[in-house]
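**Q**
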Amino acid sequence: MVLRLIRQQRKTPVLKAPSFGCLKGIPVINVTRGCPHSCVYCYARGFPEAPLRGEIHLYVNLPELLEKELGRRKRLPRWVSFSTASDPFPPIDEVLKVSYQVMEFLLRRGIGISFLTKGVIPPDFVELFARHCELVRARVGLVSLNDEYQKLFEPFAAPPFLRLANIRNLTAAGVKVSVRMDPLIPGVADSEGEIESLVKRLKVLKVKELSISALILRPSVAMQLAEELPLSLSRSILKYYQGQPWQKVITSARTKLLPASARIVRYQMIKEISARYGLACHICGCKNPDLPWESCNTGVESANGDKVEQLTLF
Ligand code: SF4
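Per my numbering, the sequence shown runs over residues 2 to 315.
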């Protein structure tokens, strides 16, 4: 895919506070609009503001805007989360430069950062994080160790071995890393054997925490699956959701959940395997509103406690 980078000046506030889930009250920042990883299951690709496929919009004035915005605040946030509707580590130097400037700016002011990535974290970031390891909560998205899975479902994301290298490098730098196994796609890479080899590998890399969720289906995601996967594969996935009602999940009123019975069996299996290897495993509460609530962003939540702001430092 040919990627088109569009540089743009951001005009609206940089930090936005989501009003749902375990990130409630924690400001979110977006370095780009759009994400080059083009995951087939990505629901952010269907957002009305999403750019055209192959386009990524970089907010080039983000560092200066952030500085101004925080300078106006009486209190600084204790944590800032990088939006999961994009990835702060795409393989594009200009984007990485802005991500680095923003992260360094926040960390030097004592503001913690949390991010989720399926990209490659370059060495200069790892060095930066090593200097502020208590203020970094990293989540690496990884559902399968199988390269074929990645090529089909996450065509432009980093292959699994590079994501494992991220985990190794971050852990060696003293950063707390958890793994997000989301979305678990029914019937794909979700056998007990496949999950166990992944968890076993994570155990070797000293990962202590996993968060999990099954694929949630939205009309745009169903369309992407149908258009971008082999027909028999997309049909077999979509079949699991047949007859499920459209309902409000997170911010979208048009979402189908995998039937609860199918989710519970999988979650139970993964929790049991995780427990055998000594990993804590949390079900994403936002994407499973019909199950008992579990927070899946525990590092940031417990660090924030009831207070998500600190006194301004400048
Ligand atoms: S990495 Fe995340 S934001 Fe980027 S395409 Fe994949 S699911 Fe979407």
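Where is the CB? At the ideal position from N, CA and C, for every residue including glycine. Because the structure is a prediction, the values reported are computed rather than measured.
Can you tell me which of the three DSSP states R11 falls into?
**A** Residue state, collapsed to three classes: coil.
**Q** What's the C-alpha gap between I112 and K17?
**A** Their Cα atoms are separated by approximately 15 Å.
**Q** So, are the CB atoms of C36 and E155 less than 7 Å apart?
**A** No.
**Q** For I274, collect the residues of the same chain with a Cβ closer than 6 Å to its Cβ; drop the 5 residues on either side in sequence, then sort them by chain order.
**A** Contacts found: I196, E197, V200.
**Q** Which whole-angstrom value is the C-beta distance of K119 and R46, which I expect to be below 8 Å?
**A** Contact flag wrong, Cβ pair sits at about 14 Å.
**Q** How about S179 and E210: do their beta carbons lie closer than 7 Å?
**A** Yes, they are a contact pair.
**Q** Quick check: is any heavy atom of the ligand SF4 less than 6 Å from the C-beta of A139?
**A** No - the ligand SF4 has no heavy atom lying nearer than 6 Å to the Cβ of A139.
**Q** Can you list, in chain order, the residues of its chain whose CB lies under 8 Å from that of S253, leaving out five sequence neighbours each side?
**A** The residues are Y44, R219.
**Q** Please state whether the Cβ-Cβ distance between S237 and G194 is less than 7 Å.
**A** It is not a contact, given that the beta carbons lie outside the stated cut-off.
**Q** Mind checking which residues open and close the alpha helix (DSSP H) that includes Y150?
**A** Its alpha helix (DSSP H) spans residues 148–154.
**Q** Is it the case that the CB of D291 approaches a heavy atom of the ligand SF4 more closely than 6 Å?
**A** Checking every heavy atom of the ligand SF4 against the Cβ of D291, none is found closer than 6 Å.
**Q** Let me see if you follow: with CB-CB separation under 7 Å, is E50 close to chain C or not?
**A** You won't find chain C in this structure, because it holds only one protein chain.
**Q** Does the distance between the C-beta of H58 and the nearest non-hydrogen atom of the ligand SF4 fall short of 6 Å?
**A** Not under cutoff, so the answer is no.
**Q** Does the pairing of the stretch 272–286 with the stretch 242–256 give three or more beta-carbon distances under 8 Å?
**A** No, because fewer than three Cβ pairs between the stretch 272–286 and the stretch 242–256 fall closer than 8 Å, the two stretches do not touch.
**Q** Tell me whether the beta-carbon of M182 lies closer than 7 Å to the beta-carbon of V144.
**A** Yes, Cβ-Cβ distance for M182 and V144 is below 7 Å.
**Q** Closer than 6 Å: is that where the CB of A215 sits relative to any heavy atom of the ligand SF4?
**A** A215 Cβ: outside cutoff for every heavy atom of the ligand SF4.
**Q** Starting from V266 and walking both ways along the beta strand (DSSP E), at which residues does that stretch end?
**A** Where V266 is concerned, there is no enclosing beta strand (DSSP E), although the alpha helix (DSSP H) it sits in stretches over 261–277.
**Q** Whose C-beta lies closer than 7 Å to the C-beta of L259 among residues of the same chain, with five residues either side of it excluded?
**A** Correct list, in chain order: P187, A215, L216, Y241, Y242.
**Q** Give the secondary structure of D94 by DSSP, where H, G and I count as helix, E and B as strand, and everything else as coil.
**A** Residue state, collapsed to three classes: helix.
**Q** For a quick check, are the C-beta atoms of E50 and R5 less than 7 Å apart?
**A** No; because the gap between Cβ atoms is not below 7 Å, this pair is not in contact.
**Q** So, is L117 buried or exposed, given that buried needs 16 or more other C-beta atoms within 10 angstroms?
**A** When all chains shown are included, L117 counts as buried.
**Q** From the DSSP output, in three-state form, read off L117 for me.
**A** Residue state, collapsed to three classes: strand.
**Q** Return the residue from the list L108, R277, D94, I265 that minimises the CA-CA distance to P290.
**A** Ranking the options by Cα distance to P290, first place goes to I265.
**Q** Which ranges would you report for the alpha helix (DSSP H) in the stretch 178–214 if only whole runs of at least 4 residues count?
**A** 193–205, all fully within the stretch 178–214.
**Q** For a test of the three-state rule: what should DSSP assign to I251, helix, strand or coil?
**A** DSSP places I251 in coil when its eight states are reduced to three.
**Q** Do I168 and V141 have their CB atoms nearer than 7 Å?
**A** Yes.
**Q** Is W294 buried or exposed, if buried means 16 or more other CB atoms sit within 10 Å of its CB?
**A** Classification for W294: exposed.
**Q** Under the criterion of a Cβ to heavy atom distance below 6 Å, does K119 qualify as lining the ligand ADP?
**A** In terms of ligand content, the structure shown lacks the ligand ADP and carries the ligand SF4 instead.
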